[in-house]
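Asker:
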């Protein structure tokens, strides 16, 4: 290792491998919609689109997702950053997060969980794999319907860096690639 290298605490590794933008995950169980902030997710397949995500068993949304096996992943732009953090700072067990934070639930087409009107994209999902839920709280979701706001051409997203620190995605870099 070079002389400039310094040991990094293992608890900070996630800051280097952060998987993507902070998203909102909505569920609906027993007639009650809920929304949570989530930043631990990743694509695992192009077609059909599969997304793996971690939902803590301590989260109110965990029980709804495990029971109903469906949700919506709503992708907010940076303008919603304060509302996204507010969603993450309260429990759906105690409050109606949609009304408390000021987000608008919109019925989906294929799942009971609501879309979030203020987000630039919404992905209706069904759980297709649960073998790693008990061990890692990891659900694999198939996107069964996707929605995009055409008015938001190049929305910028936020990325969690830990303890209230976020980065905003930057400029695009185009390089010829065979990847889709």
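Residue numbers (our numbering): 684 to 863. No residue lacks a Cβ here, since even glycine has one placed at the ideal position from N, Cα and C. This one's a predicted model, so the numbers in the text were calculated from it and none came from an experiment.
(1) Which one or two residues does DSSP pair with residue 851 in a beta bridge?
(2) Evaluate residue 838 with the Cβ neighbour count: other Cβ atoms within 10 Å of its Cβ, from every protein chain shown; 16 or more gives buried, anything less gives exposed.
(3) One question on the structure: do residue 770 and residue 784 come within less than 8 Å of each other, judged by their Cβ atoms?
(4) Since residue 757 is in the beta strand (DSSP E), which residue starts that stretch and which ends it?
(5) For residue 822, does the count of other Cβ atoms within 10 angstroms reach 16, so buried, or fall short, so exposed?
(6) Could you pull the DSSP bridge partners for residue 830 from this structure?
(7) Could you have a look at residue 716 and say whether DSSP puts it in helix, strand or coil?
(8) So for residue 822, helix, strand or coil by DSSP?
(9) How is the beta strand (DSSP E) around residue 735 delimited, first residue to last?
(10) By DSSP, does residue 705 sit in helix, in strand, or in coil?
(11) Taking only three categories from DSSP, how would you classify residue 762?
Answerer: Concretely, from the data shown:
(1) Answer is 841, bridged to residue 851.
(2) By the Cβ neighbour-count rule, residue 838 is buried, with 16 or more other Cβ atoms within 10 Å of its own.
(3) Going by C-beta atoms, residue 770 is nearer than 8 Å to residue 784.
(4) Run containing residue 757: 753-758, per the beta strand (DSSP E) assignment.
(5) When all chains shown are included, residue 822 counts as buried.
(6) DSSP output for residue 830 lists 805 as bridge partner(s).
(7) Strand, per DSSP.
(8) Strand.
(9) 733-737 is the extent of the beta strand (DSSP E) around residue 735.
(10) Here residue 705 sits in coil by DSSP.
(11) Residue state, collapsed to three classes: helix.
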